[in-house]
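Engineer:
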Amino acid sequence: MEHVRDSFARQKAMTLIGASLASLEAGASEIRLPYRADLTQQKGFVHGGIIGMIADSACGYAAYSLMPASASLVTVEYKINILAPARGSLVARGKVLKSGRTLTVARAEVYADDGTHVASMQQTLMMLPDTPDTPE
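When we follow the working numbering, the leftmost residue of the sequence shown carries the number 38, and every step to the right adds one.
(1) Please state whether the Cβ-Cβ distance between V128 and A59 is less than 9 Å.
(2) Quick one: complete beta strand (DSSP E) runs, 3+ long, within the region 43-83?
(3) Please state if the CB of T161 and the CB of V113 are separated by a distance shorter than 9 Å.
(4) Just how far apart, CA to CA, sit S107 and Q79?
(5) Measure the C-alpha to C-alpha separation of E39 and D150 and round it to an integer number of angstroms.
(6) Alpha carbon to alpha carbon, what distance is there between G97 and L140?
(7) May I have the straight-line CA-CA distance separating A143 from M164, to the nearest angstrom?
(8) Distance, Cα to Cα, L120 vs V133?
(9) Applying the criterion that 16 or more other CB atoms from any shown protein chain within 10 Å of the CB defines a buried residue, is D93 buried or exposed?
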């Protein structure tokens, strides 16, 4: 799964917010985000867009872990429910629900360090065969 780790290392959006790929196995990933005040909204909670970013990537890398290095993938749809204010550091756990020939459905759950269930996302991704996940 080195191609997955290499892809995450090139993910500039994750670098920008300070997220890390904490865990990876076939069909599952975990992304950690340390708390930073510059990622919050006006009331001091982690911004919903940032929560969506880590959930999106957790689903994506869970899906990519089941694909060959000669392929890449893109998100084609997702729905996120923000369940509680996001306080402190976060973890997004992505898991593949169904991996098909072209489309994959994945789910991510986002938790705060205190155990609060912050968000749930369901996502559909499309595999791009023979399109390596490398810079153009």
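C-beta: ideal position from N, C-alpha, C; glycine also.
Structural biologist: Reading from the atomic positions:
(1) It is a contact, given that the beta carbons lie within the stated cut-off.
(2) With a minimum length of 3 residues, the continuous beta strand (DSSP E) runs that stay inside the region 43-83 are 57-62 and 65-70.
(3) It is a contact, given that the beta carbons lie within the stated cut-off.
(4) Taking the CA atoms as reference points, S107 sits about 43 Å from Q79.
(5) Separation of E39 and D150 (C-alpha to C-alpha, rounded to the nearest whole angstrom) is 28 Å.
(6) The straight-line gap from Cα to Cα measures roughly 12 Å.
(7) Near 13 Å, if we compare the C-alpha coordinates of M164 and A143.
(8) The alpha-carbon atoms of L120 and V133 are separated by roughly 21 Å.
(9) A buried status is given to D93, since no fewer than 16 other beta-carbon atoms sit within 10 Å of its beta-carbon.
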